[in-house]
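Each residue of the sequence shown is one higher than the one before, counting from 1367 in this note's numbering. For every residue, glycine included, the Cβ atom is placed at its ideal position computed from N, Cα and C. Every value quoted in this text rests on a predicted model; they were computed, and no experiment measured them. Structure record follows, encoded as structure tokens.
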Amino acid sequence: MQEATDKVRRARRGLAIFFGVLLLASAPFDVQIVLHGLHPNYFLPLVWVPCFASVVARFLLREGFGDVSFRLDRRAAWAMLVGVIYPVAVGVPAYGIAWTTGMAHLEPAAMHPLGFAIPGSTPGERLLAGSIIAVTLGPLAMAVLALGEELGWRGYMLTRLIDARVPQPVLVSGVVWALWHAPLIVAGEYNGSPVPMLSLLLYIVTSVGAGTLLATLRLETGSVWPAVTMHAAWNAIVVAFFGASTNGEDAALWTGEGGVLVAIFTTAITFVLLRWRRGPGDRARGDGPGTSELGAVRL
């Protein structure tokens, strides 16, 4: 009994340190981005702040890194495949509806958001080349960014929320993940929309939907790699391919991470996947801290 109580207290201290460092370390980069735009000099360090916050918490509480689990077995490999398929399953119907109905316009990008030219002399060629890059080289390149976030969000925060007995830890982790982006969304520097507050609300819905699957993959496999893979694939496919190939006056209202259609399909596909992966009476399994209690965690 005492051991369980100490575990809860330790997790809560870890969360307090994590959130304190997260806010203090994120603020300077947020301010610079709001003032000067989404420049790599500010954005790239920002995405590693969650990792930094988790490292500080681990150091101050004298914890190791074994619970992050970088193992790569068959179970993790299948989960990584799901992580790559997921953004395709969201992006195709969401953007397909937007393009075909005129809610947004398809205009294949000539430049990748990472700064290199997309091959092709015609829109069709660029669309094909962009789609191939999005599911091959794109996730590998985006993994550098995703790793910085996932070592903090799903590698530390999620499991500590469970150990600290926070109600609805998976839901909370998704909301926190979304709100961390809030200053940039409201300022119009990230996921720009003519209605920033609506964009933020829809971004929270999308983040909770995607975050629920990210948390499930992390906890079921006991490895952080499926979460890193899915996060990287999402950025490469939904943001850097579908998003970069879409424009129009009202495009941001319907597409993008703060768009209606993406929020709808993210939520729906997550629900379908979780129902398919786990029967009504089944319990998820995993090896990281708090995963032994996952059966009692409401996703």
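Tell me whether residue i sits in a helix, a strand or coil according to DSSP, three-state version.
i	result
L1404	coil
H1471	strand
A1553	coil
A1544	helix
M1477	strand
A1419	helix
A1483	strand
T1578	helix
T1632	helix
T1502	coil
T1525	helix
T1371	helix
V1663	Any reading at V1663 is ruled out, since the residue's pLDDT is 46, under 50, leaving its predicted position unreliable.
T1612	strand
A1530	coil
G1514	helix
S1589	coil
G1430	coil
D1396	helix
G1558	coil
W1414	coil
R1379	helix
R1651	Confidence at R1651 is low in this model, with a pLDDT of 37, below 50, so its placement is unreliable and the value that follows should be read with caution. R1651 falls in the coil class under three-state DSSP.
Taking the Cβ atom as the reference point for each residue, do residue i and residue j lie within a distance shorter than 9 Å?
i	j	result
F1631	A1455	yes
L1566	G1625	no
R1492	P1474	yes
R1641	A1581	no
P1505	A1599	yes
A1617	A1464	yes
L1627	T1633	no
G1514	P1416	yes
F1418	M1523	no
T1595	G1449	yes
A1500	I1399	no
F1607	S1497	yes
Taking the straight line between their C-alpha atoms, what separation do you get for residue i and residue j?
i	j	result
T1657	E1586	Because T1657 carries a pLDDT of 41, less than 50, the predicted location of this residue cannot be relied on, and no value is offered for it.
V1561	L1619	8 Å
A1495	G1609	15 Å
W1414	L1511	7 Å
G1647	L1639	Bear in mind that a pLDDT of 41 at G1647, under 50, signals an unreliable position, so the model cannot answer this.
L1517	A1443	18 Å
T1502	Y1408	27 Å
R1375	D1529	9 Å
S1388	G1481	Ser is not the amino acid found at residue 1388; the sequence shown has Leu there. Going by the C-alpha atoms only, they are around 28 Å apart.
A1445	A1507	19 Å
D1433	V1536	18 Å
L1412	V1541	18 Å
H1597	A1509	8 Å
P1489	A1553	32 Å
K1373	L1410	34 Å
T1371	P1406	43 Å
G1462	N1613	13 Å
L1390	M1563	24 Å
D1653	G1386	Caution is warranted here: a pLDDT of 41 is assigned to D1653, below 50, making its placement in the model unreliable, and the coordinate value is therefore given only provisionally. Approximately 27 Å between the Cα atoms of the pair.
S1392	S1420	13 Å
V1422	E1615	44 Å
P1485	W1591	30 Å
G1457	G1468	16 Å
T1466	V1605	19 Å
A1382	S1487	53 Å
Q1368	N1601	43 Å
To which residues of the same chain is residue i closer than 8 Å at the C-beta, ignoring the five residues directly before and after it?
i	result
V1538	L1527 and V1532
F1431	R1424
F1395	Y1408, F1409, P1411, L1412 and V1415
E1429	G1380 and A1423
Within the same chain, show all residues whose beta-carbon is closer than 7 Å to that of residue i, passing over the 5 residues directly before and after it, in chain order.
i	result
R1379	L1427
L1404	E1555 and Y1556
Y1569	A1544, H1547, I1551, N1557, E1623 and G1624
A1593	E1516, R1520, L1580, L1583 and R1584
A1377	R1526, D1529 and A1530
If residue i sits next to residue j, beta carbons under 8 Å apart, how far is it from one beta carbon to the other, in whole angstroms?
i	j	result
L1579	Y1452	6 Å
S1589	R1440	So it is not a contact: roughly 11 Å between Cβ atoms.
A1483	A1476	7 Å
L1472	S1611	6 Å
Just to confirm my understanding: we take residue i, look at its own chain, exclude 5 residues before and 5 after, and list those with CB closer than 6 Å. What are they?
i	result
G1575	T1632, T1633 and T1636
S1559	S1565, A1618 and G1624
P1549	D1396
H1402	none
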